[in-house]
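Visitor: Quick note: the sequence shown uses numbering that gives the first Met the number 0, first residue 0, plus one each step.
Cβ coordinates follow ideal geometry from the N, Cα and C atoms, glycine included.
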Amino acid sequence: MIDSDNLQLLKTIALQEKQKTTNTELAQKLDYSPQTISRRLNNLEKNKYINREVDTNGQIIKISKKGYNTLKKEYKDYKNIFYLEMTKTLQGHVIDGIGEGKYYISQPEYQQQFKQKLGFKAYPGTLNIKLNKKSIKKYQLIKQKNGIMIKGFQKGERTFGDSKCYKSRINGIKSAIIQPNRSHYKDDIIEIISPERLRNKLEKNKVKIEVQI
C-alpha cells in the first residue's frame, strides 16, 4: 500500500514532460528537501512503482506497470467521487412488478423502521421502475454508498431480510429507493416506496428520481 506522500511524488513524476530529472527539481516542485525526495524515490523503486537509471547528470525515471495501475486506481476513485455528483438523478418508466411488495412492506417491523429512519410510513407496496441505460450505470455508483439500513427480522419460521434505502423524490413526491439484499429483479429495475400510493399518480409514466445522497 502506497502512502499519500509517495503517491504525490508518483503523480508528479507521471505529469512531467521529460523523464530525465534531478532530486532538486522534484524537491522544488513538491516543496521538500532533496534528501526527502531521495528517500522517497528509493522507496518507490524498492516497491517497484518506478524504474530508474541514474548517472552523474541526473536520473531517468519511468513509471512501472505497478505504478500506472496505482495511478489508474487513484483516477478511478476521484472519477467516482466527482461523477457521483452528477448521478443523483435517475430516469425510467413505471412497470408492473411480481406482486410481493405489498406483503413485505406492510410488515410492522419494517414500517416502524421506515417511520424512524425515512420519516414516513410507507404505503403497502412498491412501485417498480425500469431504468434507462444511463441511469443503470448511475445507480451502480449510488449503491456503493452506505444507504440507510433497514434491518431484517425473524417471524415464526419465516425470515425477512435486510434492505438498504436511499431517500429520494420521484416526480417531486417524497419517496425512497429500497434495495433488498435478496432482490428478484435485475440491475435495470429499482423499487420505490412512498407514503403515497404512487401508482395512481405515475401509472406507466416516465419518471425522474432525485436521489438524496
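Sorted by chain position, which residues of the same chain lie with C-beta nearer than 7 Å to G160's C-beta, five sequence neighbours on each side aside?
Guide: Taking the sequence shown and counting its residues from 1, the one referred to as residue 160 is at position 161. Taken in chain order, the residues that qualify are G151, P179, N180, R181.
Visitor: May I ask you to report which of helix, strand or coil DSSP gives S3?
Guide: Counting from one through the sequence shown, the residue named residue 3 turns up at place 4. DSSP places S3 in helix when its eight states are reduced to three.
Visitor: Assuming the contact rule is C-beta atoms closer than 8 Å, S193 and I172 should be a hit. Round their C-beta distance to whole Å, please.
Guide: The count along the sequence shown starts at 1 and reaches residue 193 at position 194. The count along the sequence shown starts at 1 and reaches residue 172 at position 173. So it is a contact: roughly 6 Å between Cβ atoms.
Visitor: For G100, is the classification buried or exposed, using 16 other Cβ atoms within 10 angstroms of its Cβ as the cut-off for buried?
Guide: Your numbering for residue 100 matches position 101 in the sequence shown. Classification for G100: buried.
Visitor: Looking at the unbroken alpha helix (DSSP H) that takes in I141, where does it start and where does it end?
Guide: Counted from its first residue, the sequence shown places residue 141 at position 142. In the DSSP assignment, I141 falls within the unbroken alpha helix (DSSP H) covering 132 to 141.
Visitor: Tell me whether E73 sits in a helix, a strand or coil according to DSSP, three-state version.
Guide: Looking up residue 73 in the sequence shown gives position 74. Three-state DSSP puts E73 in a helix.
Visitor: Spatial neighbours of L8 within its chain, please: CB distance less than 6 Å, with the 5 preceding and 5 following residues excluded, ordered by chain position.
Guide: For the purposes of this step, residue 8 is taken as residue 9 along the sequence shown, with counting starting at 1. Here the set comprises R39.
Visitor: Who are the near neighbours of S32 in its chain, counting only those whose CB is closer than 7 Å to its CB and skipping five residues on each side?
Guide: Within the sequence shown, the letter at position 33 stands for residue 32. Cβ within range, chain order: A26.
Visitor: Report the three-state DSSP secondary structure of K120 (helix, strand or coil).
Guide: Position 121 of the sequence shown, counted from the first residue, corresponds to residue 120. K120 carries a coil assignment under DSSP once its states are collapsed to helix, strand and coil.
Visitor: Distance, Cα to Cα, N56 vs K19?
Guide: Here residue 56 refers to the residue found at position 57 of the sequence shown. Here residue 19 refers to the residue found at position 20 of the sequence shown. Answer to the nearest angstrom: the Cα atoms are 9 Å apart.
Visitor: In the DSSP assignment, find the unbroken alpha helix (DSSP H) run with N42 in it and report its ends.
Guide: Here residue 42 refers to the residue found at position 43 when the sequence shown is read from its first residue. Per DSSP, N42 belongs to the alpha helix (DSSP H) from 33 to 45.
Visitor: Rounded to whole angstroms, what's the CA-CA distance from I60 to D76? Just pull it up for me.
Guide: Stepping through the sequence shown from its first residue, residue 60 is reached at position 61. Stepping through the sequence shown from its first residue, residue 76 is reached at position 77. Their backbone Cα atoms lie some 25 Å apart in a straight line.
Visitor: If you reduce the DSSP assignment to three classes, tell me which class Q211 lands in.
Guide: The sequence position of residue 211 within the sequence shown is 212, counting from 1. Residue state, collapsed to three classes: coil.
Visitor: Sorted by chain position, which residues of the same chain lie with C-beta nearer than 7 Å to L14's C-beta, five sequence neighbours on each side aside?
Guide: Numbered from its first residue, the sequence shown carries residue 14 at position 15. Same-chain partners within the cutoff: there are none.
Visitor: Only counting runs of 3 or more residues, tell me where the beta strand (DSSP E) segments fall wholly within the stretch 153 to 198, in order along the chain.
Guide: If we require 3 residues or more, the beta strand (DSSP E) runs fully inside the stretch 153 to 198 come out as 157 to 159, 162 to 169, 172 to 179, 188 to 192.
Visitor: In angstroms with no decimal places, state the Cα-to-Cα distance between C164 and K137.
Guide: If you number the sequence shown from 1, residue 164 lands on position 165. If you number the sequence shown from 1, residue 137 lands on position 138. So the two alpha carbons sit approximately 16 Å from each other.
Visitor: DSSP has N127 in a bridge; who is on the other side?
Guide: Position 128 of the sequence shown, counted from the first residue, corresponds to residue 127. The beta-bridge partner set that DSSP reports for N127 consists of I94, E190.
Visitor: Pull up the distance between the alpha-carbon of Q34 and that of S63, whole angstroms please.
Guide: Here residue 34 refers to the residue found at position 35 of the sequence shown. Here residue 63 refers to the residue found at position 64 of the sequence shown. In a straight line, the C-alpha of Q34 is about 23 Å away from that of S63.
Visitor: Do V93 and V206 have their C-beta atoms within less than 8 Å of each other?
Guide: Working through the sequence shown from its first residue, we reach residue 93 at position 94. Working through the sequence shown from its first residue, we reach residue 206 at position 207. Contact flag set, yes.
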